[in-house]
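What follows is a short report on a single structure.
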Ligand code: ATP
Ligand code: RIB
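Numbering (my numbering), first residue to last: 322 to 622.
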């Protein structure tokens, strides 16, 4: 029996990253940067975080019949992930073009390719695996109908549903009541609720809106301010660890993977958020997406 298995459904991308002093404005060329090609995609990043931080992890995604797609499975397996990759021969594997500036800030443009064709019919053969999981973790780089389908399957089976609503997008009204934990960043929380989220106080107001729609638990990540959580009538904040951030790509993904692991280990929410903050603070000190995700041995709280 797989009592503590975490199923992650989502995107896998190859990230092409140029790091330079600053990010160009439209029409401008900035030269002198350095290039890094590395694995990414919010789904894959979160699966890697789950696995490296101690979770028994299954990952479901769609790739193209190309070099990027073919190298994805073995790489994830090397991280101990049970990767169930579905090949779409009519699409390219997902790619993200990422610019990082000298202060570690980024902008990202994604060509989703095969990620955009992951449909409920692809997941139907995996229904029983989802139903047996301890937690289902998803993001919004795959079609919303697929996210909604999987959330319904998991919720009906009593599986904890963790939704990282990234990149920012509106959600169907009936999805909220099937979410155990929603984990927006400030931008996403603002878009979802209409509350301008910039700190713990405003995150609390946004959380109230999300609860009123049926979400049980809310965690708002606040970048260098850490994270705010609200659940079961209680709430709290965890400050970020003071670190020198060089690249925040996948900070949120590391946070989500860590949070899911801690939840499935039975940690109280405040401890789970603290664990996730610690993991994410390590990720921001390193370049790259999956390359930056820490291992459990690095987090000792
Ligand atoms: P991403 O950059 O991956 O898109 P995000 O926008 O989803 O991240 P953030 O809220 O920016 O999510 O960051 C997630 C977590 O990472 C924060 O809750 C915090 O714990 C940690 N973090 C982010 N930036 C910093 C920083 N500058 N210093 C320390 N910790 C940070
Ligand atoms: O969250 C970071 C990820 O977003 C990157 O790895 C990139 O692939 C984009 O999907």
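Using N, Cα and C, we set each Cβ at its ideal position, and we do this for glycine too.
Look at the Cβ atom of residue i, then the Cβ atom of residue j, and state whether they are nearer than 8 Å.
i           : j           : result
residue 510 : residue 370 : no
residue 638 : residue 505 : No information on residue 638 is available, as it lies outside the stretch 322 to 622 that the chain covers here.
residue 414 : residue 335 : yes
residue 439 : residue 463 : yes
residue 610 : residue 361 : yes
residue 614 : residue 552 : no
residue 378 : residue 407 : no
residue 501 : residue 481 : yes
residue 565 : residue 546 : no
residue 491 : residue 541 : no
residue 427 : residue 332 : no
residue 453 : residue 326 : yes
residue 623 : residue 483 : With the chain running from 322 to 622 in the structure shown, residue 623 is simply not present.
residue 356 : residue 381 : no
residue 588 : residue 556 : no
residue 586 : residue 603 : no
residue 375 : residue 409 : no
Which residue wins for smallest C-alpha separation from residue i, given the options the options?
i           : options            : result
residue 528 : 503, 546, 355, 584 : 503
residue 661 : 375, 458, 404, 363 : Because the chain is modelled from 322 through 622, residue 661 falls outside the range shown and cannot be assessed.
residue 533 : 568, 494, 522, 521 : 494
residue 373 : 344, 441, 399      : 399
residue 536 : 383, 476, 368      : 476
residue 383 : 392, 497, 591      : 392
residue 550 : 578, 612, 591, 468 : 591
residue 425 : 593, 418, 342      : 342
residue 422 : 351, 380, 583      : 351
residue 395 : 616, 445, 365, 593 : 365
residue 420 : 595, 443, 346      : 346
residue 442 : 344, 554, 466      : 466
residue 512 : 390, 530, 498, 579 : 530
residue 459 : 578, 583, 390      : 578
residue 367 : 576, 621, 431      : 576
residue 430 : 496, 344, 497      : 344
Return the Cβ separation of residue i and residue j in integer angstroms, given the expectation that the two are a contact with Cβ distance under 8 Å.
i           : j           : result
residue 451 : residue 329 : 11 Å between Cβ atoms; not a contact.
residue 607 : residue 568 : 7 Å
residue 543 : residue 521 : 7 Å
residue 340 : residue 354 : 6 Å
residue 388 : residue 397 : Contact doesn't hold; Cβ gap of about 16 Å is too wide.
residue 644 : residue 548 : Any question about residue 644 goes unanswered here, given that the chain covers just 322 to 622.
residue 457 : residue 471 : 6 Å
residue 612 : residue 359 : 5 Å
Does the distance between the C-beta of residue i and the nearest non-hydrogen atom of the ligand ATP fall short of 7 Å?
i           : result
residue 461 : no
residue 543 : yes
residue 533 : no
residue 547 : yes
residue 386 : no
residue 519 : no
residue 569 : yes
residue 506 : yes
residue 562 : yes
residue 598 : yes
residue 601 : yes
Is residue i a contact residue of the ligand RIB, with contact defined as CB to any heavy atom under 7 Å?
i           : result
residue 604 : no
residue 558 : no
residue 455 : no
residue 363 : yes
residue 574 : yes
residue 332 : yes
residue 526 : no
residue 465 : no
residue 417 : yes
residue 610 : yes
residue 429 : yes
residue 400 : no
residue 366 : yes
residue 443 : no
residue 336 : yes
Please give me, in chain order, every unbroken run of the beta strand (DSSP E) with length at least 3 that falls completely inside the stretch 379-427. 403-409, 415-421
If you scan the stretch 474-545 from start to end, which runs of the alpha helix (DSSP H) of 4 or more residues do you find wholly inside it? 507-514, 521-533
Starting from the N-terminal side, write out each stretch of the beta strand (DSSP E) that is 3 residues or longer and does not extend beyond the stretch 422-471. 427-432, 456-459
As an exercise, report each continuous alpha helix (DSSP H) stretch of at least 4 residues that is fully enclosed by the stretch 558-599, in chain order. 572-585
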